[in-house]
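Report on the following structure.
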Amino acid sequence: MGRNLDIEERIFNYEISSEAKKLAEKYGYSDYIVERYLKLLDNEAIDLLEANEIPMPQTIRCNDFLIRCDELEKRLVNKGFKIKKIPFLPHGYEIISSPYKVGATHEYLMGYYYLQDPGSMLVVYLMNPKKNSFIIDMASAPGGKSSQILQLTKDNVKLVSVELKKDRIKSLRSNLQRMGFSSYIILEIDARKLSLKDADMILLDSPSSGEGIIRKDPKRKKSRPRSDMKKIHMLQFQLLNKAIDMIKPEGEITYAACSTAIEEGEYVIDKILRRNEVDILNTYSPIGEHAFIEFNGVKFDDRIKNCIRLWPHKHGTEGFFICRLKKNQN
C-alpha cells in the first residue's frame, strides 16, 4: 500500500522546479504541465512550447464512401481552395488556403469530407477496423472516428456509437447521416454502464484534459487545475476496464487520449496490464515514437514501449497517446 501511495505521489504530485515556473509564466501555462514537459523531454521542452504557439492547420478527411478523393480535390481546387495531401494519411488533406469557411461548402454539406485533425485520423487507421465485425466506439461525439470506422469498412459493420451528453448526440447523428452511413446505432449512456458483450473491436478515444490540442485551443494551457488530473485518470481507467469486460477473447481495444500527460497514457495502461487479461499489440505507425516506460523514478511495464506518442514539435500533429490492446484467451 505504501509503495502504491509513493507511486501516486510521483505521478500526480511531483515538485515544480524554478525553471518550470519561469517557463510557465513566459508561455502562459500551468506550471505542473511545463514541469512534466521538462521531465519527459529535457532540452526538447522548449521546442514543444514553441511548437504549441503555432496554430494547427485545418485538415480534412475525404469520404471516399461517397466520392473519389481525386474528384473531391478537383472540386475544391476549382472553388479556389489550395490543398495538400498528407502523406501518412490515406484520405487526409491539409487546407493551405481557402476562399471561405471549410465547413460551408456544398461538398461538406453533401458529406464528401469531414473536418478532422491528423492525429485523430491516425488513431482509426492504426485501429484498422474490419468489415463484418461488431465494434463499439465508447466516446463517439461529434462523430469523427465513428464516421471513419464506417468509411474504412464501407458501411459494412455493426457499430455502436456511445455518447453520454444529449446535446452532443445531435452533432453525432447529423455527421453520420450527412456522410451517408447507416450501419450504426447510437446509445445515450455513460459508457461505464454499458452491458454489451463480445465485441470484436472497441475504440476508446477517451475523455481527456485536452493538453494535446493546445495549438488549436490555447486555453488548454491553464484550463485544468492540477487536482483534475487524478479524476481524469480514474475516469479513463474505469472506461478501459469496462472495455476489457466487453471485448471478446482475442478481440482488440484501441485506447487513445489527446494528451501529452503520462497520467492519461502510460500510467493508465500500466495499471490495466496488472489485470493480466490483455497484452499490448506491437503497432506500426508511419509517424510517432515509442511511449515512455519511466517517469519521475516510476518504472512502467516494458511492454508500454509498443504504445505510440505523437508530439506537435516532432510530428506536426496534436499531442496524442495511442495504444492497441488484445484480450487474452480465458
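When we follow the numbering used here, the leftmost residue of the sequence shown carries the number 7, and every step to the right adds one. Even glycine gets a Cβ: it sits at the ideal position worked out from N, Cα and C.
On the DSSP letters alone, give me the boundaries of the beta strand (DSSP E) that residue i sits inside.
{"i": "Tyr120", "result": "119–121"}
{"i": "Leu210", "result": "205–211"}
{"i": "Pro135", "result": "Here Pro135 belongs to no beta strand (DSSP E), and DSSP marks it neither H nor E."}
{"i": "Ala30", "result": "Element bounds for Ala30: not the beta strand (DSSP E) but the alpha helix (DSSP H), 24–33."}
{"i": "Val284", "result": "284–286"}
{"i": "Pro255", "result": "253–263"}
{"i": "Lys333", "result": "326–333"}
{"i": "Arg315", "result": "314–316"}
{"i": "Arg67", "result": "64–68"}
{"i": "Ile142", "result": "140–143"}
{"i": "Ser103", "result": "98–103"}
Could you compute how far the alpha carbon of residue i sits from the alpha carbon of residue j?
{"i": "Ile21", "j": "Leu246", "result": "Contrary to the premise, residue 21 reads as Glu rather than Ile in this sequence. Cα-Cα distance, rounded: 29 Å."}
{"i": "Glu256", "j": "Gly216", "result": "31 Å"}
{"i": "Ala51", "j": "Lys45", "result": "9 Å"}
{"i": "Ser23", "j": "Ala110", "result": "47 Å"}
{"i": "Ala262", "j": "Met116", "result": "29 Å"}
{"i": "His97", "j": "Tyr118", "result": "11 Å"}
{"i": "Ile191", "j": "Lys248", "result": "19 Å"}
{"i": "Leu82", "j": "Lys237", "result": "44 Å"}
{"i": "Ser188", "j": "Asp161", "result": "7 Å"}
{"i": "Ile286", "j": "Asn49", "result": "30 Å"}
{"i": "His321", "j": "Ile92", "result": "12 Å"}
{"i": "Asp308", "j": "Phe301", "result": "13 Å"}
{"i": "Tyr131", "j": "Trp317", "result": "18 Å"}
{"i": "Asn334", "j": "Leu121", "result": "36 Å"}
{"i": "Pro105", "j": "Asp223", "result": "23 Å"}
{"i": "Asp53", "j": "Lys228", "result": "19 Å"}
{"i": "Lys172", "j": "Pro213", "result": "16 Å"}
{"i": "Leu47", "j": "Glu77", "result": "42 Å"}
{"i": "Asn282", "j": "Asp276", "result": "11 Å"}
{"i": "Ile195", "j": "Lys88", "result": "41 Å"}
{"i": "Glu25", "j": "Lys176", "result": "45 Å"}
Beta carbon of residue i, beta carbon of residue j: below 8 Å?
{"i": "Ile219", "j": "Arg230", "result": "no"}
{"i": "Leu202", "j": "Val166", "result": "yes"}
{"i": "Met127", "j": "Leu95", "result": "yes"}
{"i": "His319", "j": "Ala57", "result": "yes"}
{"i": "Ile141", "j": "Ala205", "result": "yes"}
{"i": "Phe310", "j": "Ile328", "result": "First, the residue type needs correcting, since residue 310 is Ile and not Phe in the sequence shown. In this structure, Ile328 does not lie closer than 8 Å to Ile310 by Cβ."}
{"i": "Cys68", "j": "Tyr99", "result": "yes"}
{"i": "Gln183", "j": "Phe71", "result": "no"}
{"i": "Met207", "j": "Ser139", "result": "yes"}
{"i": "Arg16", "j": "Gly325", "result": "no"}
{"i": "Ala147", "j": "Leu178", "result": "yes"}
{"i": "Gln64", "j": "Ile13", "result": "no"}
Count the other C-beta atoms from every protein chain shown that fall within 10 angstroms of the C-beta of residue i, then say buried if there are 16 or more, exposed otherwise.
{"i": "Gly271", "result": "buried"}
{"i": "Met7", "result": "Bear in mind that a pLDDT of 44 at Met7, under 50, signals an unreliable position, so the number given afterwards is only what the model happens to contain. Counting Cβ neighbours within 10 Å, Met7 comes out exposed, since fewer than 16 surround it."}
{"i": "Gln154", "result": "buried"}
{"i": "Asn337", "result": "Summary: the structure shown does not reach residue 337, with the chain confined to residues 7 through 336, and so no result is reported for it."}
{"i": "Arg221", "result": "buried"}
{"i": "Met235", "result": "buried"}
{"i": "Arg330", "result": "buried"}
{"i": "Met185", "result": "buried"}
{"i": "Ser59", "result": "Residue identity differs from the one stated: residue 59 is Glu in this sequence, not Ser. Exposed is the call here."}
{"i": "Ser265", "result": "buried"}
{"i": "Gln242", "result": "buried"}
{"i": "Gly149", "result": "buried"}
{"i": "Glu31", "result": "exposed"}
{"i": "Lys137", "result": "exposed"}
How would you write the range of the alpha helix (DSSP H) that residue i sits in, first residue to last?
{"i": "Cys75", "result": "75–84"}
{"i": "Lys91", "result": "From DSSP, Lys91 is part of no alpha helix (DSSP H) but of the beta strand (DSSP E) over 88–91."}
{"i": "Glu113", "result": "112–115"}
{"i": "Ile52", "result": "51–57"}
{"i": "Ile275", "result": "272–279"}
{"i": "Ile39", "result": "37–47"}
At what residue ranges does the stretch 156–204 contain a whole run of the beta strand (DSSP E), taking only runs of 3 or more?
-> 164–169, 190–194
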